[in-house]
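Data block below; observations after.
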Amino acid sequence: MKVYCKCRDFHGTSSDEHSLKNAFANSQLMCLTFFDRVILPHVASIGSKIKTTHFVFCLLCILCNLTSAQVFAKECDLTNIDEESTMTCRVRSWQSISKIGETDSDPPSFINIFCDGNNKDHSVSNGTFSKLSNVKSLSIEGCSIPNFPEATFWGLTNLANLTIHLNKTNSKPLTFRGDTFAGLQKLYKLQLDHNNLVVLPANLFCNLENLNILNLTNSELDDARNIGLGSIETTKCLSDLIILDLSYNILKSIPDGIFSSLVSLKVLYLNNNQLSELYPYAFSGLSRLQSLDLSNNRISHLPEQIFQQSTDILELYLQNNSLSSLTPRAFQGLRQLVGLNLSYNSLENVISSETLADLSRLFVLDLNHNRFQVITETNFHLIRSLQILYLSYNAIHNISDNSFASLRNLHTLTLLGNKLKYVNANTFKGLESLNYLSLSNNDITGIHPLAFSHCKSVQNLKLRSNKLVDFPKSINDLTLLRHLDLTHNKIYNISNATFQGLKKIVSLHMAKNQIGNLTKGCFQDLSSLKTLDFSNNKIMSLGHSLFDDVPELRVAKFNDNHLTDINGLFMNLRYLHTLNASRNNITWFDYALVPTDLKILDIHQNEVDGLGNYFELEQLMHLRNLDASYNIIRELTTASLPNSIEIVSFRWNRITVIGPFTFTAKTNLSFVDLTGNAISHLDINAFRLKSIPMNNPLPEFLLSNNTLTCDCTMEWLLRMESKDETRQYPMITDLGDVMCNVTLPRQNAVLPMSVTKPSDFLCKYRIHCFALCHCCEFDACDCEMVCPENCTCYSDQTWNTNMVDCNLRGYSHVPNRVPMDVTDLYLDGNDMSHIGSHSFIGRKNLRVLHLNNSNIHIIRNRTFNGLQNLLVLHLENNHIPVIEGHEFKNLTKLQELYLSHNRLKSIQHDSFKHLKFLRVLYLDHNQISEFNIWVLKYNRALSKVKVGHNKWNCECAFIERFKYWMVKHPNAVVDQGSLRCIYNNSTTMLLFEYSNSSCSNFSVIPFTSAEFVEEYMSIVILVPMLIVLMLTAIFFAWKYRNNMKMWIYNKYGVKLFEKGDYPAENEKLFDAFVSYCKKDEAFVTQMVAPELECGVPSQRLCLRYRDLPASRYMAETISEAVECSSCSIAVISEQYLKSEWCLFELKACHHESQCNRRHKIIIILLNKVDFKELDGDVRACFKAAVIIHWGDRRFWEKLRFSLPEGRSHKHLSDYSDNKLSTTLRRSSMSNSVKLV
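Residues in the sequence shown are numbered from 1 upward in steps of one, following this note's numbering.
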C-alpha cells in the first residue's frame, strides 16, 4: 500500500502566523497532530524563518510518514484482482486498522483482519471503520473481542458482507449492543458463526433491512427467543432474509411465532441442536419456506399441522431424531414437498395413509434405520409420484401383496438389512418403472417364480448375503437386467439354462457361494457380459472354451477356488484386462494362456513353479501389474516378465537365481517385491536397468527376508546404495533389513547389510596374479598371490583386504609363501617355539597379526621388522618369559598389543616407549613383580591397560609410585580389582587398599584365598542385588497395578486379571444406567453420552430424558432400569448431592450392587466433595464405587476401563417381553435403548 506525504507551498508574511497554521493544517500529513501540539508553539513568527520552518516541518512529516508506513506494511498486504483491491492484515492492535482510511490512496474493497493469536483482549471503539465507506466486504477472524459497542461499524455505508469469526475456545461470551450494526443499510450477508454467542439483543438484526443471509451456526445459543430476531410482537424484522442458519447450537425448543417476521425466509437450518419440543405454531409466518433441516435433534413428537403455514416446503430433513410415531396430520398441507428424510428414528408400522396423504409430489422418501416390521398396501398408496424409496435396515419380515402397487413411478427401492425370508408373486406388483432393487442382507431362502414378472424394467438387482440355494427362476423374467449380485448365498449349481434370457447382463457377481464345476454353455446367454466374479466357490475345473460365449468380458475373478489349470480358457478374450486366479492350485503358467492385452494378472498363492514364455511374448504383452507371490517360482530371467510391466510381486517364492539383465528392457518398471525368497547371490547385472531420466523416480525394489552370501562379488550392492550416478540401478528401499552372511576367517556372521563394510565382502582364493604382473612364472614374485599350504585365504574385490588364515595348521615356523600384500594374518594355535628374525619382512601392508596360543618362547629382536603398518598384535597365551625392549621397537603404528597369559617375569622399562599410538596394552596373568608402569606416561594414546594377576612387589616405594600413576590415570587400568602385591610368597593385598601402615603390617591372607574371593565376590554381591531389584519391581507392579491394567487395556484391548463377571449379551438391556441431576444434563448429553455411545467399543446407555418414560411410578421405573443395566454411572456434583431424587437413584444403584456382585458403580466427580459432610448411606455408596474425577489425566481411558465390554446390538424384543413389561426401542445412530 502506497503512502503519500504532501507538503504544499506556503506564501505568507512575517506577521501572518494564523495563515501559517492553516497551511500546515491542510497539508494532510500523518504527523500533523504532533506538529500542531509540539512544533508549532515554538515556531517564531518572523518572516525570514517561515520558509526554513516550513522545510523543517515537511522533513519531519516525511520521516514520520515513512516510519508509520513501514510499521503498517509489516501488518498488511495489498493485492489487486479485477481492479478491486483486497487487504489482508495480521494485527496486534486495532490502532493499525484506523490508519487504513487516513492514507491518500483509495481504501480497499475487501478487508481481512487476523489477530496475532496472543489471546489478549482487543477493544473496539466507535469510529474504527468510519473512514472506510467504500469497503464492500469485511472479515474479522481469530481475535479475542469481548464486546462490540454501539455504532461499531458506523461509516461502512457500502458494506455488503460482514464476517466475524472470533476465538471461540479462549474468548469470553461475545456480546453486542442493540445498535452495533446500525448504519449497515446495504449489508447482504452476515456471518457470526463459530463464536461464543449466548444471548443476543432482541432487535439486534432488525435494522438490517437488506440482509439476505444470516449465519449463527456453531455458537452457544440455547434460547430461540434470544437470537436477535425481534420479539413475537415485532411486525417487521428481517423481512428480506432468505437463509437462516442456526445449526450446531444448543437450542432446546422452538416457541410459537418466533420466526413470524421472516416472511421471505426460504432456507432454515436447525439441525444438530438439542431440540426436544416444537410448538404447534413454531413455523408460523414462514409462508415462503422451501427447505427445513431439523435433523440430529431429540424431537420425539411432531404437533399436528405444524407446517400448515409453510406449504411451499420442498425439502424436509428429520433424520436422527427420536420420532416413534407420526400423527395423521403431521405433514398436512405439504403438497409441494419433494424430499422427506425420516431415517434413523424409532418409527414402527404406524405411518397411516392419511399421514402421507398430502404429499402428492413426494419424490424421495428415506425411511432407513427405523423399526418397521410389516409393509401393507395402505402405507404408500397415496404418494403415487414417489420415485425413490429407502426401507433398508429395519426389521421388516413381511411385505403384503400389492404394497407398492400404486408406486408406478418408483425407480429405486432398497430393502437391504431386513428380515425377509420369502418374496411372493405380488410383492413388487405395480413397480413397472423400477430400475434399482436391493434385497441384500436379508434371510431370503426362496423367491416365487413370478416375483419379478411385474417389474421387468429392473436393471440392477442385488440379492447378496441371503440364503438362496438355487438360482431364482424369476430373475429370468428381467430381460433388461444389466447388473446382478448374488454374492454370499448358498447356490451350488449353474446349468446351461440358468441365465436364459439375460442377454443384457453386464456384470455378474456370484462370489462366496458353493458352485462346483462350470461347463461349456453356462454363459451362452450372457453375450454382453463384461464383469464376472465367481471367487470363493468350490470350482475345480472350467470347461474348455467356456468363455467363448462372452467375448466382451473385461474382468474375470476366479480366486479362492480349487482350479489346477487355466489352459485354453482366457486366451481368446481380447478385451480382458483383469484376471484374478489367486489362491487356487494352479501348477503351470505360460503367458500364452492369457490375452496379450491383459493389464492386471493375479496368480498369487498357487503352486506355480515358473513363469513360462514359450512363444517369447514379452514384447507383445501389455501387462502392467503382476502378483505372483506365494508360489514356488525358482528362477527369473528376462523372459519371465513382459516389457510393459510396471508393478510386480514375487514375495515368498523360492527364487534362487535372477539372471543378468532380467529387468533391463522393462522401461515402465516402478515396483518389484522380492521379499522372502532364497536369493543368496546376485549378479551385478541382475538389477541393471536402462538409464532412468533425472525427472523420473527410480524403481523401488524390496529384498528383505533373503539371506545374501556377501562375498566379494556382492560388494556392488553397497556401492549401488551409496550413489548410482548412471541411474541404471533401482532403489532398494529395505536394503537395511537385508541380512548378509559375511564370510570371515573365524566365523560366518549374519549381519544386517546396513552395518557391513566393503572389507567384509571377501572371497577365497588359492593363486592370484594381477593383470599387470609379469613375474608370475617365477618363484619370487611380489605381485603373485599364493595362499600357503593348508591355509585359507580371502580377499575383497579391490584387494585392499587380504586375509590369510593358518590357525591350528601345525606349523612350527612362519609359512614361507605368505602373500606380500597380506593385511590380516592368523597364525594362532600352532606350535612355534621361536620366531626367527625377518620372519615377516616385506609384508608392509600387514595390519593384524595373530600369534597367540602358538607355544612361543622367544621373540627375536628383528622378528617384526618391516611391519611398519601393523596395528594389532596378539601374543597372548604363549610362554614368553621376558621382554628385552627391542622386540617392538619398529612397530611405530601399533595400536593394540596383547601379552596376557604368558610367563613374563621381567619387562624392560622402555619396551613400549616408542609405541606412540598404542591404545590397548594387556599384561595380565603373568609373573611380573616389578615394572615401572609409570613409564607408560609416554604412551599418551593409551586408554586401556590390564596388569592384574601378577606378583607385584609390595615395597612401599614401588606401591606408592604405582598407585600415584593409577590416581593420575583412573580409567586406564580396567582390572584394578585384580592388582595384588606378594609378600613372602604367601600373602597378598589389593593395591588400591594400600596405606602407610600397610607396608609393614600386612594381614595374612593366603594367595589362594585371595584368588577365591576375587573369583566369587561378584556373585556374592550380585545375587542379593538381584533379589532386591525383583522385590522392588514386584512392589511397584503391585502399587501401580491399576494404572498398568488400564494402560494395557487401552493399548491392546485386554483386561488383565478380569473375570468374565458381566452377564451374557442377551441378559441385560443396557451397559450402564446414568444418574445425574438436571443441571448436569448438558454435560452428560454432550460429553459423556456421545463419547461412550459412538466410541469403540460402543456402550448402550440408559439416559433418563431419552430412555425412561414419564410415569407416576418413577421410583419403580428407575429401579427396573438399574436392574436392567450391567453397571451404573453417577455424575455427582454439588447440585446432585442436594437433590433427594438423585440420592435415591444413587442408593438404588448401591442396593443393586449389594444384591448383584456383578453390578458396579462408577462415580464421576465434577466437583470436590467433603466426605465428612455426607450421611452414612451416601458414604457407603462412595466406598463401594469406582471414583473418577472429571479433568483427571486419561479420564476417558479410566472410564472405559471401568465399564463392561461393548456389545453388538441385536434385536432384544423377545427378551424385553419376558424381562420387563415394556417395549424396546433403539436408535441406530445413538445406540440408545428406550423403555416405554
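Using N, Cα and C, we set each Cβ at its ideal position, and we do this for glycine too.
Assuming residue i contacts residue j (C-beta within less than 8 Å), just tell me the rounded distance between them.
i, j, result
"residue 539", "residue 561", "4 Å"
"residue 1132", "residue 1162", "Wrong, their Cβ atoms sit about 11 Å apart, outside the cutoff."
"residue 1118", "residue 1140", "Between residue 1140 and residue 1118 the Cβ distance is about 13 Å, and since that is not below 8 Å, they are no contact."
"residue 160", "residue 187", "6 Å"
"residue 339", "residue 363", "6 Å"
"residue 341", "residue 318", "6 Å"
In this structure, does DSSP put residue i in helix, strand or coil?
i, result
"residue 363", "coil"
"residue 1043", "helix"
"residue 621", "coil"
"residue 533", "strand"
"residue 197", "strand"
"residue 202", "coil"
"residue 803", "strand"
"residue 787", "coil"
"residue 358", "coil"
"residue 896", "strand"
"residue 980", "strand"
"residue 840", "coil"
"residue 1004", "A caution first: residue 1004 carries a pLDDT of 39, below 50, which makes its placement in the model unreliable, though a value can still be read off. If DSSP states are grouped into helix, strand and coil, residue 1004 belongs with coil."
"residue 941", "coil"
Which residue wins for smallest C-alpha separation from residue i, given the options the options?
i, options, result
"residue 517", "527, 495, 1151", "495"
"residue 769", "752, 419, 820", "820"
"residue 459", "435, 675, 750", "435"
"residue 380", "413, 1109, 932, 438", "413"
"residue 454", "467, 466, 867, 476", "476"
"residue 256", "279, 296, 239", "279"
"residue 762", "611, 376, 798", "798"
"residue 529", "77, 132, 643, 482", "482"
"residue 929", "905, 720, 880, 510", "905"
"residue 656", "644, 674, 293", "674"
Would you kindly check if the distance between the Cβ of residue j and the Cβ of residue i is under 8 Å?
i, j, result
"residue 1160", "residue 1186", "yes"
"residue 738", "residue 706", "yes"
"residue 535", "residue 550", "no"
"residue 727", "residue 684", "no"
"residue 225", "residue 201", "no"
"residue 246", "residue 211", "no"
"residue 264", "residue 240", "yes"
"residue 1241", "residue 913", "In the structure as shown, the chain begins at 1 and stops at 1236. Residue 1241 is therefore absent and cannot be evaluated."
"residue 272", "residue 230", "no"
"residue 441", "residue 416", "yes"
"residue 276", "residue 300", "yes"
"residue 861", "residue 896", "no"
"residue 827", "residue 793", "no"
"residue 1121", "residue 1102", "yes"
"residue 959", "residue 991", "yes"
On the criterion of 16 or more Cβ atoms from any shown chain inside 10 Å, does residue i qualify as buried, or is it exposed?
i, result
"residue 712", "buried"
"residue 193", "buried"
"residue 630", "buried"
"residue 355", "buried"
"residue 443", "exposed"
"residue 608", "buried"
"residue 574", "exposed"
"residue 1029", "exposed"
"residue 227", "buried"
"residue 81", "exposed"
Does chain D have any CB closer than 8 Å to the CB of residue i?
i, result
"residue 135", "Looking at the structure shown, chain D is missing, and only one protein chain is on hand."
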